[in-house]
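Numbering (mature numbering (1 follows the signal peptide of the UniProt record, and there is no 0)), first residue to last: -22 to -1, 1 to 467.
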């Protein structure tokens, strides 16, 4: 039986495996393992790592990083349409596109569920890591920082989507009424942000810089990633001094010369990349489920389902000469960088190039679990956060970091001057630099642009409602009155 309750569960072998179960709460009792036996088995450096590997693996699931996440963060915005065929709703992606989601919509449920699944795994890791006295203390400390970074990232996803949510900060005891309430009662948005900040500050204290990892450990959370995420958390709260301080602490990164290569295999773990969700492929397969195929061109000579397609509005918004346009959008009839001819008869005129994986010029192990890494935090965004914080606070260099991003895109320095004009310029750069990187919807909401922007896109944004997605109705019902619904749903 699959439930939507935030997990109250015993540690199970299934949660520690690299290929983690997608069940939200139910784990077969035969898989349960006594704590003493677990500590005996996992009381090594490799055993300690397996607890945290389970958290990373959560991000590989279809619900965590692919279809439903694209639905809530991209198809809702003015940058993307549902795409695909008119009759293929993708369960509810037509509702994402039309801003008509409700509390029973699958995307709403799956994003809520999968983040709490990952949080459960983080709490399990944080519970057991201190007990592994035969593992190196330095390794345990670093892994603790990784777990707290990942938990913070998942709560950041939740608070941006749903506002205040339950803060589950430890493995709940099934017999504890207090712990049951912890999993059911929503905290305020401010409390969730404070919890995220606490986790990130703790992570910063123990994580190494990217240069401190061996090549075999690339992709793990770093000090720079925690600083960058904390800067973004502060950005959403308009804590401009905090944004500046955290961005300044992101060291050892730079812009790559060629924007188009960032999302190709050669661009993985580049000098610009601060944090990525890694798809390993191979045997056993460890790819990110459905990310490429769900967004690939559909129809004649296509290679995917055709969802999450760039809008005409986004296409026409680029300045002349902006290399990011062709690097972001696949056009019907074009010949791509690897020589692939996109038929002019595919179902949609445009597709997301950042999700493309070449089956001839890159490692390709099938349509479903590809080796494609998803870029989560990049140095270009750090520069844009610096520019925004300087502009909004009235102190600091606005145009320097802004122009670094523009110049890399083949554009001249901005001609904008004054806070209002520079604000518009920064927002435009975020749109074009970060298109299809799961930021546009949240950006137009946090900056108060959503109603006007969506009206231009032909959609109705209801203020006081659409800033948040609904809490899943199954969770509301199962909370038995302890959890409240978001306004308007």
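Glycine included, C-beta positions come from ideal geometry on N, C-alpha and C.
Which residue marks the beginning of the beta strand (DSSP E) containing residue 329, and which one marks its end? Going by DSSP, residue 329 is part of the beta strand (DSSP E) stretching over 328 to 330.
Where the alpha helix (DSSP H) through residue 186 begins and ends: Segment: none, residue 186 is in no alpha helix (DSSP H) and carries neither H nor E.
Given 8 Å, three or more beta-carbon pairs between the stretch 73 to 89 and the stretch 40 to 47: Between the stretch 73 to 89 and the stretch 40 to 47, the count of C-beta pairs closer than 8 Å reaches three or more; the two stretches touch.
CA-to-CA distance, residue 27 to residue 171, given in whole angstroms: Taking the Cα positions, residue 171 is about 27 Å away from residue 27.
Reducing DSSP to helix, strand and coil, say where residue 303 ends up. Three-state result, residue 303: helix.
Using beta-carbon positions only, say whether residue 418 and residue 52 come within less than 8 Å of one another. Closer than 8 Å, so yes.
Would you identify the three-state DSSP class for residue 134, choosing helix, strand or coil? Helix at residue 134.
So, residue 84 versus residue 72, is the Cβ gap smaller than 8 Å? No, the Cβ-Cβ distance between residue 84 and residue 72 is not below 8 Å.
Give the C-beta separation of residue 277 and residue 323 to the nearest angstrom, bearing in mind that I take them to be a contact with Cβ-Cβ under 8 Å. Between residue 323 and residue 277 the Cβ distance is about 6 Å, and since that is below 8 Å, they are a contact.
Own chain partners of residue 384 with C-beta closer than 8 Å, once the 5 adjacent residues on each side are dropped: Taking C-beta separations shorter than 8 Å and ignoring five residues to either side along the sequence, the partners of residue 384 in its chain run 390, 391, 392 and 407, following chain order.
Where residue 310 sits in the DSSP three-state scheme: Coil, per DSSP.
By DSSP, does residue 57 sit in helix, in strand, or in coil? Coil at residue 57, not helix or strand.
Exposure of residue 319, with buried meaning 16 or more beta-carbon neighbours within 10 Å: Answer is exposed; the Cβ neighbour count stays below 16.
Tell me the residue span of the alpha helix (DSSP H) that contains residue 379. Its alpha helix (DSSP H) spans residues 377 to 386.
Please classify residue 19: does DSSP put it in a helix, a strand, or coil? Residue state, collapsed to three classes: helix.
Within this structure, are the beta carbons of residue 326 and residue 49 separated by less than 8 Å? In this structure, residue 49 does not lie closer than 8 Å to residue 326 by Cβ.
In terms of alpha-carbon separation, which member of 454, 416, 463 and 434 lies closest to residue 138? With distances taken between Cα atoms, residue 138 lies closest to 416.
Going residue by residue through the stretch 81 to 124, where are the continuous beta strand (DSSP E) segments of at least 3 residues, counting only ones entirely within it? The DSSP assignment places no complete run of the beta strand (DSSP E) inside the stretch 81 to 124 (cut-off: 3 residues).
In whole angstroms, what is the alpha-carbon distance linking residue 210 and residue 423? Each residue's Cα considered, the two are about 15 Å apart.
Determine the contact status of residue 369 and residue 376, defining contact as a CB-CB distance below 8 Å. Yes, the Cβ-Cβ distance between residue 369 and residue 376 is below 8 Å.
Output the distance between the C-alpha atoms of residue 153 and residue 57, rounded to the nearest integer angstrom. When rounded, the distance between both Cα atoms is 47 Å.
At the level of alpha carbons, what is the spacing between residue 336 and residue 232? Looking at the two C-alpha atoms, the distance is approximately 26 Å.
Could you tell me whether the stretch 91 to 108 touches the stretch 32 to 39, using the rule of 3 or more Cβ pairs below 8 Å? Using a C-beta cut-off of 8 Å, the stretch 91 to 108 makes contact with the stretch 32 to 39, since at least three inter-stretch Cβ pairs fall below that distance.
In angstroms with no decimal places, state the Cα-to-Cα distance between residue 206 and residue 459. Straight across, the Cα-Cα distance linking residue 206 with residue 459 is about 38 Å.
In three-state terms, what does DSSP make of residue 404? Of the three classes helix, strand and coil, the one that applies to residue 404 here is helix, per DSSP.
Can you give me the Cβ contacts of residue 122 inside the same chain, cut-off strictly under 7 Å, excluding the 5 residues immediately before and after it? Sequence-distant Cβ neighbours of residue 122 in its own chain, meaning closer than 7 Å and more than five residues away, are 104, 107 and 184.
contact_flag[the stretch 114 to 132, the stretch 175 to 192] where n(CB pairs < 8 Å) is 3 or more: By the Cβ criterion, the stretch 114 to 132 is in contact with the stretch 175 to 192, since at least three pairs of Cβ atoms, one from each stretch, lie closer than 8 Å.
DSSP state of residue 152 mapped onto helix, strand, coil: Three-state DSSP puts residue 152 in coil, outside helix and strand.
Quick one: complete alpha helix (DSSP H) runs, 4+ long, within the stretch 208 to 259? Counting only runs of 4 or more, we get 218 to 226.
Range of the contiguous alpha helix (DSSP H) that encloses residue 418: In the DSSP annotation of this structure, the continuous segment of the alpha helix (DSSP H) that includes residue 418 starts and ends at 418 to 424.
At least three beta-carbon pairs within less than 8 Å, the stretch 441 to 457 to the stretch 331 to 345: Judged by Cβ distances under 8 Å, the stretch 441 to 457 makes no contact with the stretch 331 to 345, as fewer than three pairs qualify.
Verify whether the separation of the beta carbon atoms of residue 420 and residue 330 is less than 8 Å. For the 8 Å CB-CB criterion, residue 420 and residue 330 do not form a contact.
For residue 186, which option in 238, 141, 74 and 120 has the closest C-alpha, if you only look at C-alpha atoms? Considering only 238, 141, 74 and 120, the residue with the shortest C-alpha distance to residue 186 is 120.
Just grab the DSSP bridge partners of residue 342 for me. Paired residue(s): none; residue 342 is not in a bridge.
Excluding five sequence neighbours on each side, which residues of the same chain lie with their C-beta closer than 7 Å to the C-beta of residue 256? A distance below 7 Å between beta-carbons, with the five flanking residues on each side excluded, links residue 256 to the following residues of its chain, in chain order: 197 and 351.
Return helix, strand or coil for residue 13, following the three-state DSSP convention. Residue state, collapsed to three classes: helix.
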